[in-house]
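In this text, residue positions in the sequence shown follow the numbering used here: the first is 443, and each later residue adds one. Just so it is clear, CB atoms sit at the ideal spot from N, CA and C, and this is done for glycine as well.
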Amino acid sequence: MKLKAIIIDDESKARSFLSSLILEFVDGIEVIGTADSVLNGIKLLKTVKPDLIFLDVEMPGGNGFDLLDAIDYSTYKIIFTTAHKEFAVEAFQYRANGYLLKPIDLDDLIKLSEELNTDLQSKTTFPERVAYKTLGSIEYVKARDIIRIESDGNYSTIFRLSGKKLVITKNMKQMETQLGHPFFIKPHKSHLINSKFIVRYIKTDGGEFEMIDGSKVPLARRNKETILNHLEFRME
443 MKLKAIIIDD
453 ESKARSFLSS
463 LILEFVDGIE
473 VIGTADSVLN
483 GIKLLKTVKP
493 DLIFLDVEMP
503 GGNGFDLLDA
513 IDYSTYKIIF
523 TTAHKEFAVE
533 AFQYRANGYL
543 LKPIDLDDLI
553 KLSEELNTDL
563 QSKTTFPERV
573 AYKTLGSIEY
583 VKARDIIRIE
593 SDGNYSTIFR
603 LSGKKLVITK
613 NMKQMETQLG
623 HPFFIKPHKS
633 HLINSKFIVR
643 YIKTDGGEFE
653 MIDGSKVPLA
663 RRNKETILNH
673 LEFRME
């Protein structure tokens, strides 16, 4: 699924350059319209329904922040495109999803696109909550509140941000299948961890991850290179 995007920038060369980069190199985004001013950008938003807005800051007749003040920008993903670093703080006060400095670097654009599409996939494909059956109840657990899961044969223990543990009769394979969110990784055959709650990587024989709750999870040697590269750790 591609993100539908519009580009709002007063410079025609900038609009054309960004459009051409996306068309040729970015699979996850499709440009469906462009505008050359705040006013025309607002008019464009009344006729098309994008997922994403590439928004210049400085434009004649108003700036990008003026445009956001005039619309309900919470319904869109916003990436600011500007030649000026000093607008970054204000941009992120508007909950911007990204900030690209001109001239736009292709690698930065591709990285942002991948991050946006990963977020989209996690929201549209994977459930917000997961139901787990225990002997006396059905527990509904938010996937993003799970720090890690540890399995022992046919039993698995879920460790949550609240500090509460949940023991259920499912093996690791069943847990992986039911959960399946892209931010979970399997560093060891008996462990599934939420990559967002990794505090640090400790270099031991195979290595281990320290989690936000202070627990340490082993990293199997056979998985080391793949997982560390996935997490963008630098190998020495």
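Exercise. With 16 as the cutoff for other CB atoms within 10 Å, does residue 577 come out buried or exposed?
Worked result: For the purposes of this step, residue 577 is taken as residue 135 along the sequence shown, with counting starting at 1. Under this definition residue 577 is an exposed residue.
Exercise. Are the beta-carbon atoms belonging to residue 536 and residue 518 less than 8 Å from one another?
Worked result: Taking the first residue of the sequence shown as 1, we reach residue 536 at position 94. Taking the first residue of the sequence shown as 1, we reach residue 518 at position 76. No, the pair does not count as a contact, with Cβ atoms beyond the cut-off.
Problem set entry | Stretch-stretch touch, CB-based, cutoff 8 Å, three pairs: the region 606-626 with the region 648-657 | As far as the Cβ criterion goes, the region 606-626 does not touch the region 648-657, which means the pair count is below three.
For this session: Compute the distance between the beta-carbons of residue 625 and residue 612, then report whether it is under 8 Å.
Result: Here residue 625 refers to the residue found at position 183 when the sequence shown is read from its first residue. Here residue 612 refers to the residue found at position 170 when the sequence shown is read from its first residue. Going by C-beta atoms, residue 625 is not nearer than 8 Å to residue 612.
Problem set entry | Inter-stretch contact (C-beta, 8 Å, three-pair minimum) for the region 521-536 and the region 467-476 | Contact between the region 521-536 and the region 467-476 is absent: fewer than three C-beta pairs spanning the two stretches fall below 8 Å.
Exercise. Given a threshold of 16 other Cβ atoms within 10 Å of its Cβ, counted over all protein chains shown, does residue 597 qualify as buried or as exposed?
Worked result: Position 155 of the sequence shown, counting from 1, holds the residue named residue 597. Under a 10 Å Cβ-count criterion, residue 597 is classified as exposed, with fewer than 16 other Cβ atoms of the shown protein chains found around its own Cβ.
Exercise. Just checking my contact of residue 610 with residue 584 at CB under 8 Å: how many whole Å lie between their CB atoms?
Worked result: Along the sequence shown, one-based indexing puts residue 610 at 168. Along the sequence shown, one-based indexing puts residue 584 at 142. Actually they do not touch by this definition, with Cβ atoms about 16 Å apart.
Exercise. Given that a residue counts as buried once 16 or more other Cβ atoms are within 10 Å of its Cβ, and exposed if not, what is residue 582?
Worked result: Within the sequence shown, residue 582 is the residue found at index 140, counting from 1. Answer is exposed; the Cβ neighbour count stays below 16.
For this session: Using three-state DSSP, classify residue 528 as helix, strand or coil.
Result: To locate residue 528, count along the sequence shown from 1; it is residue 86. It is helical.
Problem set entry | For residue 626: DSSP bridge partner residues | Reading the sequence shown from its first residue, position 184 is the one you call residue 626. Residue 626 pairs with 636.
Exercise. In the region 460-532, which residue ranges form an unbroken beta strand (DSSP E) of at least 3 residues, counting only runs that do not cross its ends?
Worked result: DSSP runs (the beta strand (DSSP E)) wholly in the region 460-532: 471-477, 494-498, 519-524.
Exercise. In terms of alpha-carbon separation, which member of 594, 468, 450, 666 lies closest to residue 509?
Worked result: Mapped onto the sequence shown, residue 509 falls at position 67. Restricting attention to 594, 468, 450, 666, the CA atom closest to the CA of residue 509 is found in 450.
Exercise. Would DSSP call residue 573 helix, strand or coil?
Worked result: Along the sequence shown, read from residue 1 onward, the residue named residue 573 stands at position 131. In the structure shown, residue 573 sits in a strand (DSSP, three-state: E or B).
Problem set entry | For residue 604, the three-state DSSP class (helix, strand or coil) | Against the sequence shown, residue 604 aligns to sequence position 162. In this structure, residue 604 counts as coil in the three-state DSSP scheme.
For this session: Out of 654, 630, 538, 641, state which residue places its alpha-carbon closest to the alpha-carbon of residue 667.
Result: Working through the sequence shown from its first residue, we reach residue 667 at position 225. Ranking 654, 630, 538, 641 by Cα distance to residue 667 puts 630 first.
For this session: Whole angstroms is fine: what's the gap from residue 501's alpha carbon to residue 527's?
Result: One-based indexing of the sequence shown puts residue 501 at position 59. One-based indexing of the sequence shown puts residue 527 at position 85. Whole-angstrom Cα-Cα distance: 16 Å.
Problem set entry | Proximity to residue 571 [Cα-Cα], best of 632, 579, 586 | Mapped onto the sequence shown, residue 571 falls at position 129. The residue with the shortest Cα to Cα distance from residue 571 is 586.
Problem set entry | Option in 654, 461, 635, 591 with minimal Cα separation from residue 669 | One-based indexing of the sequence shown puts residue 669 at position 227. Closest by alpha carbon: 635.
Problem set entry | Buried or exposed by the 16-neighbour rule on C-beta atoms within 10 Å, applied to residue 679 | Within the shown structure, residues of the chain are numbered from 443 to 678, placing residue 679 beyond reach of any answer.
Exercise. Taking Cβ positions, are residue 539 and residue 558 nearer each other than 8 Å?
Worked result: The residue you call residue 539 lines up with position 97 of the sequence shown. The residue you call residue 558 lines up with position 116 of the sequence shown. In this structure, residue 558 lies closer than 8 Å to residue 539 by Cβ.
For this session: For the beta strand (DSSP E) holding residue 443, just list the boundary residues, first then last.
Result: Position 1 of the sequence shown, counted from the start, is the residue given in the question as residue 443. Taken as a continuous stretch (DSSP letters only), residue 443 belongs to no beta strand (DSSP E), as it is neither H nor E.
Exercise. Are the beta-carbon atoms of residue 496 and residue 530 separated by less than 8 Å?
Worked result: For the purposes of this step, residue 496 is taken as residue 54 along the sequence shown, with counting starting at 1. For the purposes of this step, residue 530 is taken as residue 88 along the sequence shown, with counting starting at 1. Their beta carbons are not under 8 Å apart, which means residue 496 does not touch residue 530 by this criterion.
Exercise. Out of curiosity, what's the CA-to-CA distance linking residue 544 and residue 605?
Worked result: Against the sequence shown, residue 544 aligns to sequence position 102. Against the sequence shown, residue 605 aligns to sequence position 163. The alpha-carbon atoms of residue 544 and residue 605 are separated by roughly 45 Å.
Exercise. Which partner residues of residue 543 appear in the DSSP bridge assignment?
Worked result: On the sequence shown, position 101 is the one that residue 543 refers to. According to DSSP, residue 543 bridges with 524.
For this session: Take residue 641 as the anchor and find which of 633, 654, 632 has the nearest alpha-carbon.
Result: Numbered from 1 along the sequence shown, position 199 holds the residue referred to as residue 641. For the residues 633, 654, 632, the minimum Cα distance to residue 641 belongs to 654.
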